[in-house]
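Residue numbers (the working numbering): 2 to 190.
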């Protein structure tokens, strides 16, 4: 029986299955670590977002002042907004966590639905795991919206931990499929 054409795209990486297995295991382990201290993961996530916004505004400022192309007022406004929001988030991580909770809820819901629909329309190996990953992400988004704001400080870390576990498991399943393909190719040769 001939293989579907999309599976042939995986032939170039089938001998590197071990790397994907290590990646998957590492991501699962990180997920369990995140579940161990959800408050810390939440605070780290909020602080990271604040620093990313501040560093981004600095890079934008350098580009804006050094650039020889036409400068636009909206670019300047955007970099100022990034700087101010980053500073506010770093000054009050709890309020930042509540705001980030809403953003993550939408992210998990939309990203999960996109992953489900993308996996359903693509011919990939073990797409059921990818569909399950999308369903779990979408459900996390719905739960986050339903329990906001009381869950704002712990749920971000919890959602990130669960997402990491399922994403890592998806990588593990892909690596095992690639390993079977590699062994079958070696036996055929």
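Note that beta-carbon positions come from the ideal geometry of N, C-alpha and C, so glycine has one too. Values in this document were obtained by computation on a predicted structure and should not be read as measured data.
Neighbourhood of residue i by C-beta, 7 Å cutoff - its chain only, sequence neighbours within 5 removed
{"i": "residue 160", "result": "105, 109, 141, 145"}
{"i": "residue 134", "result": "116, 167, 168, 171"}
{"i": "residue 94", "result": "44, 47, 48"}
{"i": "residue 129", "result": "none"}
{"i": "residue 24", "result": "172"}
{"i": "residue 16", "result": "183"}
{"i": "residue 174", "result": "127, 130"}
Residue i and residue j closer than 8 Å at C-beta
{"i": "residue 158", "j": "residue 42", "result": "yes"}
{"i": "residue 179", "j": "residue 65", "result": "no"}
{"i": "residue 176", "j": "residue 31", "result": "no"}
{"i": "residue 101", "j": "residue 150", "result": "no"}
{"i": "residue 62", "j": "residue 162", "result": "no"}
Enclosing alpha helix (DSSP H) for residue i [first to last residue]
{"i": "residue 79", "result": "74-92"}
{"i": "residue 133", "result": "128-147"}
{"i": "residue 52", "result": "39-67"}
Beta-carbon proximity list for residue i, same chain, < 6 Å, skipping 5 on both sides
{"i": "residue 148", "result": "none"}
{"i": "residue 156", "result": "145"}
{"i": "residue 51", "result": "87, 90, 91"}
{"i": "residue 137", "result": "167"}
{"i": "residue 1", "result": "In this structure the chain extends from 2 to 190, so residue 1 is not present and cannot be described."}
Contacts around residue i, its chain only, beta-carbon distance under 8 Å, and the 5 residues preceding and following it disregarded
{"i": "residue 40", "result": "154, 155, 158"}
{"i": "residue 181", "result": "none"}
{"i": "residue 76", "result": "61, 65"}
CB contact below 8 Å: residue i versus chain B
{"i": "residue 91", "result": "The structure shown contains no chain B; it is built from a single protein chain."}
Q. Is the number of C-beta pairs between the region 167-177 and the region 141-156 that are closer than 8 Å three or more?
A. no
Q: Decide yes or no for the touch test of the region 72-88 against the region 52-62: beta carbon pairs closer than 8 Å, at least 3 of them.
A: yes
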